[in-house]
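Counting in our numbering, the sequence shown runs from 3 upward without gaps. From the three backbone atoms N, C-alpha and C, an ideal C-beta is built for every residue, glycine too. All figures in this text were calculated on a predicted structure; none of them were measured in a lab.
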Amino acid sequence: MKHIAPIFMCLYIIMLNGFAIKSYASESVDKVYHPYVLPFEREFEWRFSSRKNDDGNELLQRIAYGQAISEYVTIEGYLVGERDADDNFGLHSYEIETRWMLTDQGQYWADWGALFELEKGHEKDSWEFTTGLLAEKEFGRNSLTINLLVTQNWGDDTDEKLQGEFRLKYRYRWIPEIQPAIEIYSNRDFFGIGPAFMGIKRFEGQRQLKWELGFIAGLNGNSTDHTLRFALEMEF
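This is the structure:
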């Protein structure tokens with residue numbers, strides 16, 4: 003296990019730089035994943051994102067339930083809703099997501115995890131598989147989290163393409179309830195950066211409420227492209 007994470011890191015860097023990768027801001031600005039799994043955790047999650055660009059406003063919401071199946075692996079299922087061009091909000095897709103904590107927290111110089119996600123379009127022959135490496139390093143009250151992700155699309159109702167993403171979050175753990183951060187989302191055609199905040203309110207046992215709020219501005223020329231995202235997660 004000690005040598006697995008650096009090997010994964012090298013493979014993903016090669017893939018991200020070696021393929022003709024294309025992606026879009028609405029797909030990239032979602033969340034920065036942490037590599038940690040709590041033993042026997044269960045959670046409900048709601049994620050909201052609103053992207054404003056020259057073509058209008060895109061609205062996306064996710065509702066999920068998940069639970070750990072071991073002290074290192076958790077599985078989560080999502081229903082994804084999207085507002086269409088006629089301003090009608092409806093079911094867009096289904097997702098199943100697995101996070102695998104590769105190392106124990108504090109075991110090595112950084113903490114490592116892996117992400118596997120499969121998405122199926124609602125009433126469409128549209129599939130998407132995402133996998134990637136998650137890493138986090140804490141130093142004092144500071145925390146640096148990095149995601150390297152690769153996505154493959156296929157099906158009659160989608161363009162078959164290989165996409166790559168880089169996500170980064172620098173976080174200052176001021177107090178558990180309020181932790182200011184800076185987030186970066188990047189791929190071949192998009193680079194976005196902006197402020198974010200997150201917090202954790204702990205209750206008895208493993209119960210805790212997490213929240214995140216971020217505003218990501220795309221730096222891709224003179225066009226308008228920014229995303230507001232919010233997430234609320236209850237673990238118990």
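Distance from the Cα of G142 is smallest, within the candidate group Y172, P197, R204, L230, for Y172.
Between E138 and D106 the beta-carbon gap is near 13 Å, outside 8 Å, which marks them as no contact. The beta carbon of E214 sits closer than 6 Å to those of M200, A233, all from its chain and outside the five residues before and after it, given in chain order. Taken in chain order, the unbroken stretches of beta strand (DSSP E) that lie wholly in the segment 120-172 and span 3 residues or more are 129-141, 144-156. If you draw a straight line from the Cα of L61 to the Cα of R53, it is about 7 Å long. Cβ neighbours of I177 within its own chain (closer than 7 Å, five residues either side excluded): none. Between A66 and E43, the C-beta gap is not smaller than 8 Å, which leaves the two residues out of contact. Non-local C-beta neighbours of L120 in its own chain, meaning closer than 6 Å and more than five positions away in sequence, comprise I98, F131, ordered along the chain. Note that the C-beta distance between R231 and S51 is below 8 Å. L136 has its alpha-carbon roughly 6 Å from the corresponding atom of I148. Residues A183, E185, G216 of the same chain have their beta carbon placed closer than 6 Å to that of A198, with the five preceding and five following residues left out of the count.
In terms of Cβ geometry, L170 and V31 do not form a close pair [threshold 8 Å]. Taking G196 as reference, the option from E140, G68, G157, G220 with the minimal CA-CA separation is G220. For the pair R49 and S188, the Cα-to-Cα distance works out to about 20 Å. Between L117 and the set D86, Y110, E167, the nearest pair of CA atoms involves E167. Around the C-beta of R204, fewer than 16 other C-beta atoms lie within 10 Å, and the residue is accordingly described as exposed. A distance below 8 Å between beta-carbons, with the five flanking residues on each side excluded, links W111 to the following residues of its chain, in chain order: K139.
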